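K.L.:
Provided herewith is a single structure, encoded as C-alpha coordinates, for subsequent inquiry.
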Amino acid sequence: ALVGEDESIQIGIAASAEGCQSLAQALFASDEPLDDADVSDALGEITNIVAGGVKKRVSPKRTQLAIGLPIVMDGHLR
(Lines of atoms letter the chains of each structure in order from A and count residues from 1; the text may use other names and numbers.)
(Lines give C-alpha, C1' and ligand atoms only; values in the text may rest on other atoms or scores of the structure.)
Protein backbone atom coordinates (compact mmCIF):
# COMPACT_ATOMS: atom_id res chain seq x y z
CA ALA A 1 0.00 0.00 0.00
CA LEU A 2 0.93 3.60 -0.56
CA VAL A 3 -0.56 5.42 2.42
CA GLY A 4 -1.10 9.14 2.93
CA GLU A 5 -2.99 11.23 5.46
CA ASP A 6 -6.13 11.45 3.31
CA GLU A 7 -5.82 8.55 0.88
CA SER A 8 -4.21 5.24 0.06
CA ILE A 9 -3.36 3.33 -3.11
CA GLN A 10 -3.29 -0.46 -3.10
CA ILE A 11 -0.90 -2.19 -5.51
CA GLY A 12 -1.01 -5.92 -6.16
CA ILE A 13 0.46 -8.59 -8.38
CA ALA A 14 -1.76 -11.54 -9.27
CA ALA A 15 -0.19 -14.64 -10.81
CA SER A 16 -0.39 -18.41 -10.77
CA ALA A 17 2.14 -20.38 -8.72
CA GLU A 18 4.10 -20.96 -11.93
CA GLY A 19 3.97 -17.25 -12.74
CA CYS A 20 5.23 -16.37 -9.26
CA GLN A 21 8.07 -18.87 -9.65
CA SER A 22 9.00 -17.35 -13.03
CA LEU A 23 9.01 -13.81 -11.63
CA ALA A 24 11.18 -14.88 -8.69
CA GLN A 25 13.62 -16.76 -10.93
CA ALA A 26 13.90 -13.72 -13.20
CA LEU A 27 14.58 -11.38 -10.27
CA PHE A 28 17.21 -13.69 -8.80
CA ALA A 29 18.63 -14.66 -12.23
CA SER A 30 18.12 -18.33 -11.33
CA ASP A 31 17.49 -21.29 -13.61
CA GLU A 32 16.72 -23.53 -10.63
CA PRO A 33 13.31 -23.72 -8.92
CA LEU A 34 13.16 -21.57 -5.77
CA ASP A 35 11.56 -22.48 -2.44
CA ASP A 36 8.43 -20.73 -1.18
CA ALA A 37 10.36 -18.36 1.09
CA ASP A 38 12.54 -17.12 -1.78
CA VAL A 39 9.49 -16.72 -4.03
CA SER A 40 7.73 -14.68 -1.31
CA ASP A 41 10.82 -12.51 -0.83
CA ALA A 42 11.07 -11.91 -4.57
CA LEU A 43 7.39 -10.99 -4.90
CA GLY A 44 7.72 -8.55 -2.00
CA GLU A 45 10.75 -6.95 -3.63
CA ILE A 46 9.02 -6.70 -7.03
CA THR A 47 6.01 -5.09 -5.34
CA ASN A 48 8.29 -2.58 -3.58
CA ILE A 49 9.92 -1.71 -6.90
CA VAL A 50 6.52 -1.12 -8.54
CA ALA A 51 5.26 0.84 -5.51
CA GLY A 52 8.34 3.07 -5.61
CA GLY A 53 7.73 3.81 -9.28
CA VAL A 54 4.06 4.61 -8.69
CA LYS A 55 4.92 6.82 -5.70
CA LYS A 56 7.43 8.77 -7.76
CA ARG A 57 4.93 9.32 -10.56
CA VAL A 58 1.96 10.36 -8.41
CA SER A 59 3.78 12.36 -5.71
CA PRO A 60 3.58 15.73 -7.53
CA LYS A 61 -0.23 15.38 -7.61
CA ARG A 62 -0.89 13.68 -4.25
CA THR A 63 -0.19 14.28 -0.60
CA GLN A 64 2.92 12.71 0.86
CA LEU A 65 2.64 8.92 0.48
CA ALA A 66 4.56 6.25 2.42
CA ILE A 67 5.18 2.72 1.15
CA GLY A 68 3.78 0.02 3.42
CA LEU A 69 5.15 -3.48 3.94
CA PRO A 70 4.26 -5.99 1.20
CA ILE A 71 2.36 -9.17 2.01
CA VAL A 72 2.09 -12.38 0.01
CA MET A 73 -1.27 -14.12 -0.12
CA ASP A 74 -2.13 -17.56 -1.46
CA GLY A 75 -5.67 -18.14 -2.64
CA HIS A 76 -8.30 -17.12 -5.15
CA LEU A 77 -9.13 -13.53 -6.05
CA ARG A 78 -12.72 -12.44 -5.58
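Residue numbering for the sequence shown follows this note's numbering, starting at -6 and increasing by one per position. Here a beta-carbon is modelled for each residue, glycine too, at the ideal position from N, C-alpha and C. All values derive from a computational prediction rather than experimental measurement.
What are the partner residues of V(-4), as DSSP defines its beta bridges?
P.N.:
S1, A59
K.L.:
Which first and last residues belong to the alpha helix (DSSP H) in which R50 is found?
P.N.:
29 to 51
K.L.:
Any idea if V32 is buried or exposed, counting beta-carbon neighbours within 10 angstroms, 16 or more meaning buried?
P.N.:
Result: buried.
K.L.:
Closest to G(-3) by C-alpha separation, out of Q57, G68, P63, would be which residue?
P.N.:
Q57
K.L.:
Under DSSP, the alpha helix (DSSP H) around G12 begins and ends at which residues?
P.N.:
10 to 21
K.L.:
Please say whether A17 and A35 have beta carbons closer to each other than 8 angstroms?
P.N.:
yes
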